[in-house]
Amino acid sequence: MLNYILSRFKSSIVVLFVVSIITFAVLMIIPGDPAQLILGTEATPDVVQELHSAMGLDKPLYEQYGNWLINLLKFDMGTSYLYGESVTTLILNCLPITLSVALYSMIIATIIAFIFGIISAIKKDSVIDYFSRSIMQLGTAIPSFWIGMVFVVFFGLKLKWFPISGYVPASESFLGFIKSITMPSVVLAIGEFGLLLRIIRSSMQESISQDYMDMAKVKGLSMGKIYLKYALRGAMVAPLTIIGMQFAKLVGGTTVVETVFALPGLGRLVLTAVEHRDIVLLQGLVMFITSSVILITFIVDILIMFMNPRIKTFERGE
Amino acid sequence: MAKKKETFYKNSSMIIGLILVSCVLLICILSYFYMPYEPNEMNISDRFIKPSDNSEYILGTDNFGRDILSRIMIGSRTVLTVGIGSVCIGAFIGIALGALSAQFKRVVGSAIMRVMDGLMAFPGILLAMMLVTVVGRGAQGSIIAISIFMIPTFARLVNSMMLDTESLLYIKAAKSYGSTNMQIFFKHFIPAMLPKLITQFSSAVGSAVMIETSLSFLGLGIQPPNASWGLMLSEARQFFLQYPYLAVAPGIAIIMTVLGFNLIGDGLNDLLIKRRSKA
Chain A
161 MLNYILSRFK SSIVVLFVVS IITFAVLMII PGDPAQLILG TEATPDVVQE LHSAMGLDKP
221 LYEQYGNWLI NLLKFDMGTS YLYGESVTTL ILNCLPITLS VALYSMIIAT IIAFIFGIIS
281 AIKKDSVIDY FSRSIMQLGT AIPSFWIGMV FVVFFGLKLK WFPISGYVPA SESFLGFIKS
341 ITMPSVVLAI GEFGLLLRII RSSMQESISQ DYMDMAKVKG LSMGKIYLKY ALRGAMVAPL
401 TIIGMQFAKL VGGTTVVETV FALPGLGRLV LTAVEHRDIV LLQGLVMFIT SSVILITFIV
461 DILIMFMNPR IKTFERGE
Chain B
297 MAKKKETFYK NSSMIIGLIL VSCVLLICIL SYFYMPYEPN EMNISDRFIK PSDNSEYILG
357 TDNFGRDILS RIMIGSRTVL TVGIGSVCIG AFIGIALGAL SAQFKRVVGS AIMRVMDGLM
417 AFPGILLAMM LVTVVGRGAQ GSIIAISIFM IPTFARLVNS MMLDTESLLY IKAAKSYGST
477 NMQIFFKHFI PAMLPKLITQ FSSAVGSAVM IETSLSFLGL GIQPPNASWG LMLSEARQFF
537 LQYPYLAVAP GIAIIMTVLG FNLIGDGLND LLIKRRSKA
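Note that the protein sequences, when read in sequence, are chains A and B. Under my numbering, the first residue of the first sequence is numbered 161, with each subsequent residue one higher. Under my numbering, the first residue of the second sequence is numbered 297, with each subsequent residue one higher.
Right under this line is the structure:
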């Protein structure tokens, strides 16, 4: 068991290391001198040269990488030239928005996917099964920015249930906060629940076909109890993995939705950094988001290990 | 009875997918021979004509008075070129890297696979956005960014399939006959992997189209005045509260394309892989 945790931890660290090299390398080969970018075209060459060496850009690449990595470990990601603030502060300001939208949409997606997935598995080939499978296909094919625009027109403009755009902090008004993140969360949930539903349906079907289900039926237990207590329990592991993975993906994948609904979250910050070529900010953001994704995946894997006794005895046998 | 229904559902998803994709392909081919209007031609007197106005503009006009139908038609070229092109490049490099890492398992192989793991760890379109910063916007930048995005999926698939197939008897037999690695790869591995690769290819085109339209929507993909469906939606954003019809046609076009390729991928998966493993 400890072996499993250690081996998962080791591979997470390796991935994180590779990610840091990719991020650093990709953004280092960007055309143009970052010092020139910051100062603009009117700066004199002397001033540019001064900033160039102040930023450590004249040092060899491996030394630059090493310094950058050490600073990352100290949570010092440098200063954004666009905002003139430290990248850590900027990220911490935007994080609550993205996190609450991601969490909210994951809750919505999970509830819908479990309800339809379980019914689909029990009543295989029924109308509900076909319906939920069709919706599942459609959900993954609809671009979130498009459904977002449709929602804005329908629920925002016509029905006036939710504000069209903008964000209300929870400290200001809790109801306003929920209202402002409901539409973006639902839009994200539509894109997410398809895969989840597919997994729940297939793992539920598999667990229904197990021998212990027949045993439970022979014992005369009620069908509701059989499905919810035995079948669902056996079918929980795969969906949990997917929920973890999707939540992690959501943390990094909200740019489009945040743009549609004008939410000042992490995704918007990434877009701003890309638009203005703020490399320090972009590097920090990419590293922060990707490491959180790796961390979440790691935690989910460990949680699943505790739930599933079959993995507990797993030994890495490569 | 239930079995019949099941096969019908599977085949129907394949058929619907084929119909949707051929519609998009036809529109794209047609755009080379005939378009109702010049797609970039601005006509200020004809701004915001709705499709319901019964004018000669079937899908209406946008904020510059450009014909939406013509822009949808020329946009299909961008979407298909970027979508299919980037998956072709990504698949080619991915297959090569996957094969290489399966062949040289120790140092080279594990180094390649670790880099693939790293590339896959970037969530969603974050990697594509970062790459666009470096390679620049426009169709070319999108193709490069999306093809790099596609490499790890194919590399992993090929790597794992080759490791599975390697121990089979006919491969061992070919080796003992003195076939070179290249011969074995093209004569035996590729045919064995083809069903899964084709399936993966189709679904990958679906997601490539989704990434392309998302990048264009964010202003990081195709640049104006060129037409891309994502860009059309992005341009519609300023006006669609008054003129919701602006968002209808590009949205439906994207859904048709992505859904079509996804359904074909699913249908192929059932036809080529599941049925084979049952037999």
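Even for Gly, the Cβ is constructed at its ideal location relative to N, Cα and C. Computed from a predicted structure; not experimentally measured.
- Please name the residues in the stretch 388-412 of chain A whose beta-carbon is closer than 9 Å to at least one beta-carbon of chain C, in chain order. You won't find chain C in this structure, because its protein chains are A and B.
- Task: Decide if SER397(B) is buried, meaning its Cβ has at least 16 other Cβ atoms within 10 Å, or exposed.
- Result: Working through the second sequence from its first residue, we reach residue 397(B) at position 101. It is buried - the Cβ of SER397(B) has at least 16 other Cβ atoms within 10 Å.
- Does GLY543(B) get closer than 8 Å to chain A when you measure Cβ to Cβ? The count along the second sequence starts at 1 and reaches residue 543(B) at position 247. With the sequence shown as reference, residue 543(B) is identified as Ala, and Gly is not the correct amino acid for it. With 8 Å as the cut-off, ALA543(B) counts as an interface residue toward chain A.
- Query: Which same chain residues, not among the five before or five after THR457(A), have their C-beta less than 7 Å away from its C-beta?
  - Reply: Locating residue 457(A) in the first sequence gives position 297, counting from the first residue. Excluding residues up to 5 positions away in sequence, GLY404, MET405 and ALA408 lie with their Cβ nearer than 7 Å to the Cβ of THR457(A) in the same chain.
- ASP413(B) at chain A interface by Cβ criterion, 8 Å: As a first step, residue 413(B) must be located in the second sequence, where it is residue number 117. ASP413(B) counts as touching chain A.
- Quick one: give me the first and last residue of the alpha helix (DSSP H) that GLU223(A) is part of. Within the first sequence, the letter at position 63 stands for residue 223(A). Its alpha helix (DSSP H) spans residues 221-233.
- Item | Reduced DSSP secondary structure (H/G/I, E/B, other) of THR414(A) | As a first step, residue 414(A) must be located in the first sequence, where it is residue number 254. Reduced to three states, the DSSP call for THR414(A) is coil.
- Task: Indicate whether the contact test is met: 3 or more Cβ pairs, each with one atom in the stretch 360-374 of chain B and one in the stretch 331-343 of chain B, closer than 8 Å.
- Result: Using a Cβ-Cβ distance cut-off of 8 Å, the stretch 360-374 of chain B and the stretch 331-343 of chain B are in contact, since at least three pairs of beta carbons, one from each stretch, lie closer than that value.
- Query: Just checking, does the stretch 238-253 of chain A make contact with the stretch 416-435 of chain A on the three C-beta pairs under 8 Å criterion?
  - Reply: Under the three-pair Cβ rule at 8 Å, the stretch 238-253 of chain A counts as touching the stretch 416-435 of chain A.
- Message: Counting only beta-carbon separations shorter than 8 Å, does MET506(B) have a partner in chain A?
- Response: For the purposes of this step, residue 506(B) is taken as the residue at position 210 of the second sequence. Among the CB atoms of chain A, one or more fall inside 8 Å of the CB of MET506(B).
- Task: Identify, in the order they occur along the chain, each residue of the same chain with its Cβ nearer than 6 Å to the Cβ of ALA451(B), setting aside the five sequence neighbours on each side.
- Result: Locating residue 451(B) in the second sequence gives position 155, where the first residue counts as 1. So the qualifying residues of the chain are GLY390, LEU393, GLY394 and MET412.
- With 8 Å set as the bound, which would you pick, yes or no: does the beta-carbon of TRP306(A) sit closer than that to a beta-carbon of chain B? In the first sequence, the residue the question calls residue 306(A) occupies position 146. Cβ-Cβ to chain B under 8 Å: yes for TRP306(A).
- Task: Can you say whether PRO329(A) is buried or exposed, counting buried as having 16 or more other CB atoms within 10 angstroms of its CB?
- Result: Working through the first sequence from its first residue, we reach residue 329(A) at position 169. Exposed.
- Query: Between which two residues does the alpha helix (DSSP H) harbouring PHE163(A) extend?
  - Reply: On the first sequence, position 3 is the one that residue 163(A) refers to. For the record, residue 163(A) in the displayed sequence is Asn; it is not Phe. Taken as a continuous stretch (DSSP letters only), the alpha helix (DSSP H) holding ASN163(A) covers 162-188.
- Query: Based on the DSSP output, what are the partners of SER246(A) in its beta bridges?
  - Reply: Translated into the one-based positions of the first sequence, residue 246(A) becomes position 86. Bridge partners of SER246(A): THR239(A).
- Item | Neighbour list for LEU516(B) in chain A, Cβ cutoff strictly below 9 Å | Taking the second sequence and counting its residues from 1, the one referred to as residue 516(B) is at position 220. Residues of chain A passing the Cβ test: LEU431, VAL434 and GLU435.
- Message: Beta carbons nearer than 8 Å to chain A: which residues of the stretch 394-420 of chain B have them?
- Response: Sequence-ordered contacts of the stretch 394-420 of chain B with chain A read ARG410, VAL411, ASP413, GLY414, LEU415, ALA417, PHE418, PRO419 and GLY420 [C-beta pairs closer than 8 Å].
- Message: Taking only three categories from DSSP, how would you classify THR495(B)?
- Response: Reading the second sequence from its first residue, position 199 is the one you call residue 495(B). It is helical.
- Can the beta-carbon of LEU511(B) be found closer than 8 Å to that of GLY502(B)? Position 215 of the second sequence, counted from the first residue, corresponds to residue 511(B). Position 206 of the second sequence, counted from the first residue, corresponds to residue 502(B). No, Cβ-Cβ distance for LEU511(B) and GLY502(B) is not below 8 Å.
- Throw me the rounded Cβ distance for the PRO356(A) and THR414(A) pair, which I believe falls under 8 Å. One-based indexing of the first sequence puts residue 356(A) at position 196. One-based indexing of the first sequence puts residue 414(A) at position 254. Note that residue 356(A) is Leu in the sequence shown here, rather than Pro. Not a contact, Cβ separation roughly 17 Å.
- What residues in its chain sit with their C-beta under 6 Å from that of SER265(A), if we drop five residues either side in the sequence? The residue labelled residue 265(A) in the question sits at position 105 within the first sequence. Excluding sequence neighbours, SER265(A) sits near SER345, LEU348 and ALA349.
- Does GLN365(A) have its Cβ less than 8 Å from a Cβ in chain B? Taking the first sequence and counting its residues from 1, the one referred to as residue 365(A) is at position 205. GLN365(A) does not count as touching chain B.
- Task: Tell me THR357(B)'s beta-bridge partners as DSSP assigns them.
- Result: As a position in the second sequence, residue 357(B) is number 61, starting the count at 1. Per the DSSP secondary-structure output, THR357(B) pairs in a beta bridge with ASP363(B).
- With DSSP collapsed to three states, give me the class of ALA395(A). Numbered from 1 along the first sequence, position 235 holds the residue referred to as residue 395(A). Under the three-state reduction of DSSP, ALA395(A) is assigned to coil, being neither helix nor strand.
- Rounded straight-line distance, which links the Cα of GLU202(A) to that of LEU211(A): Taking the first residue of the first sequence as position 1, residue 211(A) is located at position 51. Taking the first residue of the first sequence as position 1, residue 202(A) is located at position 42. Distance between the alpha carbons of LEU211(A) and GLU202(A): 14 Å.
- Within chain B, the residues that MET309(A) reaches when beta carbons sit closer than 9 Å: The residue labelled residue 309(A) in the question sits at position 149 within the first sequence. The contacting residues are LEU529, ALA532, ARG533, PHE536, PRO540, ALA543 and GLY547.
- Query: Shortest alpha-carbon distance to VAL175(A) belongs to which of ILE569(B), SER406(B) and LEU564(B)?
  - Reply: Locating residue 175(A) in the first sequence gives position 15, where the first residue counts as 1. The shortest C-alpha separation from VAL175(A) is found at SER406(B).
- Message: Give the list of continuous alpha helix (DSSP H) stretches no shorter than 4 residues that lie fully inside the stretch 498-527 of chain B.
- Response: Counting only runs of 4 or more, we get nothing.
- Message: If distances are taken between C-alpha atoms only, which option among THR183(A), LEU263(A) and PHE169(A) comes closest to LEU415(B)?
- Response: Counted from its first residue, the second sequence places residue 415(B) at position 119. Cα-wise, what sits closest to LEU415(B) is THR183(A).
- Task: Anything in chain A within Cβ reach of LEU493(B), meaning under 9 Å, just list it in chain order.
- Result: Taking the second sequence and counting its residues from 1, one reaches residue 493(B) at position 197. Neighbourhood of LEU493(B) in chain A, by CB distance below 9 Å: empty, with the nearest CB roughly 21 Å away.
- Message: Need the endpoints of the alpha helix (DSSP H) that GLN297(A) sits in, please.
- Response: Numbered from 1 along the first sequence, position 137 holds the residue referred to as residue 297(A). Its alpha helix (DSSP H) spans residues 287-301.
- With distances taken Cα to Cα, identify the nearest neighbour of MET458(B) among MET425(B), GLY515(B) and ALA488(B). For the purposes of this step, residue 458(B) is taken as the residue at position 162 of the second sequence. The alpha carbon of MET458(B) has as its nearest neighbour, out of MET425(B), GLY515(B) and ALA488(B), the alpha carbon of ALA488(B).
- Task: Could you have a look at ALA532(B) and say whether DSSP puts it in helix, strand or coil?
- Result: Numbered from its first residue, the second sequence carries residue 532(B) at position 236. Reduced to three states, the DSSP call for ALA532(B) is helix.
- Give a yes or no on whether the minimum CB-CB distance between VAL261(A) and chain B is below 8 Å. As a first step, residue 261(A) must be located in the first sequence, where it is residue number 101. By this cut-off, VAL261(A) is not an interface position.
- Is any beta-carbon of chain B found at less than 8 Å from that of GLN297(A)? Counting from one through the first sequence, the residue named residue 297(A) turns up at place 137. Residue-level contact check: GLN297(A) touches chain B, since one or more beta carbons of chain B fall below 8 Å from its beta carbon.
- Looking only at C-alpha atoms, which of VAL554(B), TYR473(B) and TYR541(B) sits nearest to PHE314(A)? What you label residue 314(A) is simply residue 154 of the first sequence in a count that begins at 1. It is TYR541(B).
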